[in-house]
Each structure stands twice: as structure tokens, then as C-alpha cells.
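So the structure is just underneath, and the comments pick up after that.
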Amino acid sequence: MFFFLAGSKDYHDRLGYVVTTCPECSMRGLFTVEQERKKFTLYLIPAFEYSRKQFMVCPYCREVFEVADEIKEELARKLISQEELTAAIRNGTADKLLLKQTGKRKRLKGKND
Ligand SMILES: [Zn+2]
1 MFFFLAGSKD
11 YHDRLGYVVT
21 TCPECSMRGL
31 FTVEQERKKF
41 TLYLIPAFEY
51 SRKQFMVCPY
61 CREVFEVADE
71 IKEELARKLI
81 SQEELTAAIR
91 NGTADKLLLK
101 QTGKRKRLKG
111 KND
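Here you go:
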């Protein structure tokens, strides 16, 4: 008898943090960026990856947003690592991290934004 054992295994990695404004609750803050990878397994051994998705989680309303492929590169550039964040909190400059990325891409809707 031939027994073919195939399955799937999920991996979750925390990639870092990014400062952005929540489309859901409009709050600006430090979002966690997570990556979910799915691997196809053969006889319980991960063979190849067939899915890779990134998500951002709002710190205020806990809404989860999937990161579109087009903005993954931009997101990767803006990403704040756990080490950077820990260092910023230790130095008391965590607030500056939030301000740092505010000016760059100003939208037209508000002057005090
Ligand atoms: Zn939110």
C-alpha cells in the first residue's frame, strides 16, 4: 500500500514595527508587522513555501490589515526592528520614532495631521 502523507505548516514571524495611520480608527501609532508563511509538507518535512503574507496590526483597535504586494518594499524600508524600538524606549526617544516618519508623506487633508 502506498501512503502519501502531505500537509501544511504555518510559520509566524514578527518582522518589526511601522508608524502609520489606521484606516479603521484613524489613530496614528506603532503598528506591529507580522509575516505568515505556509509551507507544504511531505511526510511532515517542510518541502516548499506556497504562501507568504504580511499583516499589520493596529495598536488601538486591534484591526488586522493585510499588506498589499505593492507596498511591501516601502514597508520594509520603514520597518523599525524590535532592537531599535527597545533602544528608543530605553533612551526615552520612542516619541521621536513616531514623529520621525510623520513629515515625509504629508497628505493634503489637514495641517495639524
Ligand atoms: Zn485602528
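Residue numbers (the working numbering): 1 to 113. The beta-carbon is built from N, C-alpha and C at its ideal position, and this holds for glycine as well. Keep in mind it's a predicted model, so treat the numbers as computed, not measured.
Taking every residue with its beta carbon within less than 7 Å of a heavy atom belonging to ligand 1 gives, in chain order, Cys22, Glu24, Cys25, Met27, Cys58, Tyr60, Cys61, Glu63.
According to DSSP, residue pairing for methionine 56 in a beta bridge involves Val33, Phe65.
Leucine 85 has its alpha-carbon roughly 19 Å from the corresponding atom of phenylalanine 55. Between the C-alpha atoms of aspartate 10 and alanine 68 there is a straight-line separation of about 20 Å. Between the segment 85 to 97 and the segment 51 to 65 there are fewer than three inter-stretch CB-CB distances shorter than 8 Å, so the stretches are not counted as touching.
When secondary structure is reduced to three states using DSSP, glutamate 49 falls in the strand class. In the structure shown, the three-state DSSP call for leucine 98 is helix. In terms of CA proximity to valine 33, Arg14 leads the group Arg14, Ala94, Ile45, Pro46.
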